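Peer 1: The structure under discussion is supplied below as structure tokens; questions concerning it will follow.
Residue numbers (the working numbering): 1 to 501.
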């Protein structure tokens, strides 16, 4: 259907008749969009984490507004902001702060979010009319040698001066554009959550690598002290050999033990250099100039505030990203449903036209046109039905992906909690083993110096002591790794209120 009229301004009757029609179309454009309204996929979190041993935790009331996310309630028991500051390590704070300004991977995620945000503005622009203007001058001259040319007529025709503007608009009667905006907005929010997840992952990786390096520094200190002690024992054994008290076997055993520990010390240095390189890369340092001074892991392990399990749904950015993608998939259903309805477009043209510049911008030279068009697809061999079914299946798949992300998140938290609990027990047991090994070494060393036993007993006791001491340091490093893992599993200091609107 096409309606088009071109009249001069004096024909006010037709103009007045067209205005109510346009007004009615504008009002219809505000109709409720087709397709289902979004509801967050259902998931019932547990009342308490298994590893906490809590018997009863009161859950927050459900969101009375329904829909997606309810604002996270402020709580002193939750991580906030720069979560790494709970470790009270100035060196770590400087390294973590550098990520926000220099890390290339984080900048890439930021650019992806900004591109998604711009896409929202681009899609939203379709809600409004588009307009363009033009000025033209078209003098013409016909060939005198053309067929059937009339020599009595003038071969140069006067200018056709036109100053005009055109506007077109597709009113969003069925909500296709509004659903598209809804989809783009949810996708942009998912991109923002991805950015937060990258940020959290990078900061957690920095902390994990840093504590692993400091754990290696503790090993280096232990091995260095052990090398110094073994050097003294070798010298003592050589003196005893010269005095006829020890044998060459004792000296060879002492030398072997010393060389073995020296090799272990070198091997730890290789691992430390690799962690230093990883930290420098995360902070975008010049690796040829970057180094971290030795600093053994002599820090207290902080307690990580957990909150209740229901808060985890609002604190992990990967869960937020999956939920927002579910909202985007739901909006796609409305876009698919809108294809069943006719496409309606409005157009208008206005301006001035004259052959004389003196009368160009005058009332009699004005012109305008109004047009409306509706088109309905009559046959598509089931394409619209297939696309509609595809959109619904895609939504169901994304809703399941959201639930799977939630399942993995709770598994992650429980893994880190169990790791901390078991490592705490193992650390206590290992401390007892170190004390027993130290006592055994002291007794064997005293017996050897008193000439009661051979040097082999001393070497065996010292090797056992060193092994237990290194195990204790490894357990401590793993405790810090699990601590950082728990912070990451809980979402750091992030929550869904930080999603852009």
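Using N, Cα and C, we set each Cβ at its ideal position, and we do this for glycine too.
These numbers were taken from a predicted model, which means no experiment stands behind them.
Across which residues does DSSP place residue 164 in a beta bridge pair?
Peer 2: For the purposes of this step, residue 164 is taken as residue 164 along the chain shown, with counting starting at 1. Paired residue(s): 134, 351.
Peer 1: Identify whether residue 371 lies in helix, strand or coil by the three-state DSSP scheme.
Peer 2: Working through the chain shown from its first residue, we reach residue 371 at position 371. Three-state DSSP puts residue 371 in a strand.
Peer 1: Whose C-alpha, out of 432, 215, 195, 273, is nearest the C-alpha of residue 299?
Peer 2: For the purposes of this step, residue 299 is identified with residue 299 of the chain shown, where counting begins at 1. Nearest of 432, 215, 195, 273 to residue 299, Cα basis: 215.
Peer 1: For residue 343, which beta-bridge partners are listed by DSSP?
Peer 2: Translated into the one-based positions of the chain shown, residue 343 becomes position 343. Answer is 375.
Peer 1: Would you tell me roughly how many angstroms separate the C-alpha atoms of residue 386 and residue 392, rounded to the nearest one?
Peer 2: In the chain shown, counting from the first residue as 1, residue 386 sits at position 386. In the chain shown, counting from the first residue as 1, residue 392 sits at position 392. Approximately 10 angstroms, taken between the alpha carbons.
Peer 1: So what's residue 366 in DSSP terms, helix, strand or just coil?
Peer 2: Here residue 366 refers to the residue found at position 366 of the chain shown. Strand.
Peer 1: Please name the residue in 355, 382, 314, 368 whose C-alpha comes closest to that of residue 409.
Peer 2: Taking the first residue of the chain shown as position 1, residue 409 is located at position 409. Of the candidates 355, 382, 314, 368, the one whose C-alpha sits nearest the C-alpha of residue 409 is 314.
Peer 1: With DSSP as the reference, label residue 360 as helix, strand or coil.
Peer 2: Numbered from its first residue, the chain shown carries residue 360 at position 360. Of the three classes helix, strand and coil, the one that applies to residue 360 here is coil, per DSSP.
Peer 1: Measuring only the C-alpha atoms, how far is residue 207 from residue 327?
Peer 2: In the chain shown, counting from the first residue as 1, residue 207 sits at position 207. In the chain shown, counting from the first residue as 1, residue 327 sits at position 327. Residue 207 and residue 327 have their alpha carbons spaced roughly 34 angstroms apart.
Peer 1: Over the uninterrupted alpha helix (DSSP H) stretch that includes residue 410, give me the two end residues.
Peer 2: For the purposes of this step, residue 410 is taken as the residue at position 410 of the chain shown. Going by DSSP, residue 410 is part of the alpha helix (DSSP H) stretching over 383-449.
Peer 1: Could you check how far apart the C-beta atoms of residue 204 and residue 322 are, in whole angstroms? I think they sit under 8 angstroms.
Peer 2: Translated into positions along the chain shown, residue 204 becomes position 204. Translated into positions along the chain shown, residue 322 becomes position 322. That belief does not hold up - the Cβ atoms of residue 204 and residue 322 are roughly 19 angstroms apart, past 8 angstroms.
Peer 1: How is the alpha helix (DSSP H) around residue 319 delimited, first residue to last?
Peer 2: Translated into the one-based positions of the chain shown, residue 319 becomes position 319. Looking at the DSSP string, the run of the alpha helix (DSSP H) that includes residue 319 is 317-338.
Peer 1: Are the CB atoms of residue 413 and residue 49 nearer to each other than 9 angstroms?
Peer 2: By 1-based counting over the chain shown, the position of residue 413 is 413. By 1-based counting over the chain shown, the position of residue 49 is 49. In this structure, residue 49 lies closer than 9 angstroms to residue 413 by Cβ.
Peer 1: Please work out which residues of its chain come closer than 6 angstroms, Cβ to Cβ, to residue 119, disregarding the five sequence neighbours upstream and downstream, and give them in chain order.
Peer 2: Looking up residue 119 in the chain shown gives position 119. If we look at residue 119 and ignore the five residues flanking it on each side, its Cβ neighbours are 184.
Peer 1: I need the straight-line Cα distance from residue 404 to residue 186, nearest angstrom please.
Peer 2: Position 404 of the chain shown, counted from the first residue, corresponds to residue 404. Position 186 of the chain shown, counted from the first residue, corresponds to residue 186. Between residue 404 and residue 186, the C-alpha separation is close to 19 angstroms.
Peer 1: Just verifying my parser: in three-state terms, what is the DSSP assignment at residue 83?
Peer 2: Start at 1 with the first residue of the chain shown, and residue 83 comes out as number 83. Three-state DSSP puts residue 83 in a helix.
Peer 1: Is the beta carbon of residue 193 sitting closer than 9 angstroms to the one on residue 320?
Peer 2: Position 193 of the chain shown, counted from the start, is the residue given in the question as residue 193. Position 320 of the chain shown, counted from the start, is the residue given in the question as residue 320. In this structure, residue 320 lies closer than 9 angstroms to residue 193 by Cβ.
Peer 1: At a cut of 8 angstroms, does the segment 303-318 reach the segment 108-125 through at least three beta carbon pairs?
Peer 2: no
Peer 1: If distances are taken between C-alpha atoms only, which option among 80, 89, 138 comes closest to residue 200?
Peer 2: Translated into positions along the chain shown, residue 200 becomes position 200. It is 80 whose Cα lies nearest to the Cα of residue 200.
Peer 1: Who are the near neighbours of residue 38 in its chain, counting only those whose CB is closer than 6 angstroms to its CB and skipping five residues on each side?
Peer 2: By one-based count along the chain shown, residue 38 stands at place 38. Excluding sequence neighbours, residue 38 sits near 327, 330.
Peer 1: Cβ atoms of residue 35 and residue 179: under 9 angstroms apart, would you say?
Peer 2: Numbered from its first residue, the chain shown carries residue 179 at position 179. Numbered from its first residue, the chain shown carries residue 35 at position 35. For residue 179 and residue 35, yes; Cβs fall inside 9 angstroms.
Peer 1: Would the beta-carbon of residue 459 fall within 9 angstroms of that of residue 253?
Peer 2: To locate residue 459, count along the chain shown from 1; it is residue 459. To locate residue 253, count along the chain shown from 1; it is residue 253. Their beta carbons are under 9 angstroms apart, which means residue 459 touches residue 253 by this criterion.
Peer 1: Quick check: what's the CA-CA separation for residue 398 versus residue 334?
Peer 2: Translated into the one-based positions of the chain shown, residue 398 becomes position 398. Translated into the one-based positions of the chain shown, residue 334 becomes position 334. Between residue 398 and residue 334, the C-alpha separation is close to 16 angstroms.
Peer 1: Using a Cβ distance threshold of 8 angstroms, determine whether the segment 357-366 contacts the segment 161-174, with at least three qualifying pairs required.
Peer 2: yes
Peer 1: Given a cut-off of 9 angstroms, decide if residue 219 and residue 473 are closer than it, judged by their beta-carbon atoms.
Peer 2: Counting from one through the chain shown, the residue named residue 473 turns up at place 473. Counting from one through the chain shown, the residue named residue 219 turns up at place 219. It is a contact, given that the beta carbons lie within the stated cut-off.
Peer 1: If you draw a straight line from the C-alpha of residue 476 to the C-alpha of residue 236, how long is it?
Peer 2: To locate residue 476, count along the chain shown from 1; it is residue 476. To locate residue 236, count along the chain shown from 1; it is residue 236. Residue 476 and residue 236: Cα-Cα distance of roughly 34 angstroms.
Peer 1: How is residue 487 classed by DSSP in three states: helix, strand or coil?
Peer 2: For the purposes of this step, residue 487 is taken as residue 487 along the chain shown, with counting starting at 1. The answer is helix: DSSP assigns residue 487 an H, G or I state.
Peer 1: Quick one: using the 10 Å Cβ neighbour count with 16 as the cut-off for buried, is residue 383 buried or exposed?
Peer 2: Residue 383 sits at position 383 when you count from the first residue of the chain shown. Under this definition residue 383 is an exposed residue.
Peer 1: How about residue 482 and residue 461: do their beta carbons lie closer than 9 angstroms?
Peer 2: Here residue 482 refers to the residue found at position 482 when the chain shown is read from its first residue. Here residue 461 refers to the residue found at position 461 when the chain shown is read from its first residue. No, the Cβ-Cβ distance between residue 482 and residue 461 is not below 9 angstroms.
Peer 1: Give the C-beta separation of residue 279 and residue 210 to the nearest angstrom, bearing in mind that I take them to be a contact with Cβ-Cβ under 8 angstroms.
Peer 2: Start at 1 with the first residue of the chain shown, and residue 279 comes out as number 279. Start at 1 with the first residue of the chain shown, and residue 210 comes out as number 210. At roughly 6 angstroms, the Cβ-Cβ gap stays under 8 angstroms, so residue 279 and residue 210 are in contact.
Peer 1: Could you name the residues of the same chain whose beta carbon sits closer than 7 angstroms to that of residue 69, not counting the 5 residues immediately before and after it, in chain order?
Peer 2: The count along the chain shown starts at 1 and reaches residue 69 at position 69. Residue placement at residue 69 cannot be trusted, given a pLDDT of 34 that sits under 50; what the coordinates show is reported in the next sentence. Closer than 7 angstroms at the Cβ level, and outside the excluded window around residue 69, lie 314, 496.
Peer 1: Grab me the residues of residue 493's own chain with a C-beta within less than 6 angstroms of its C-beta, minus the 5 sequence neighbours each way, in chain order.
Peer 2: Counting from one through the chain shown, the residue named residue 493 turns up at place 493. The residues are 79, 80, 81, 83.
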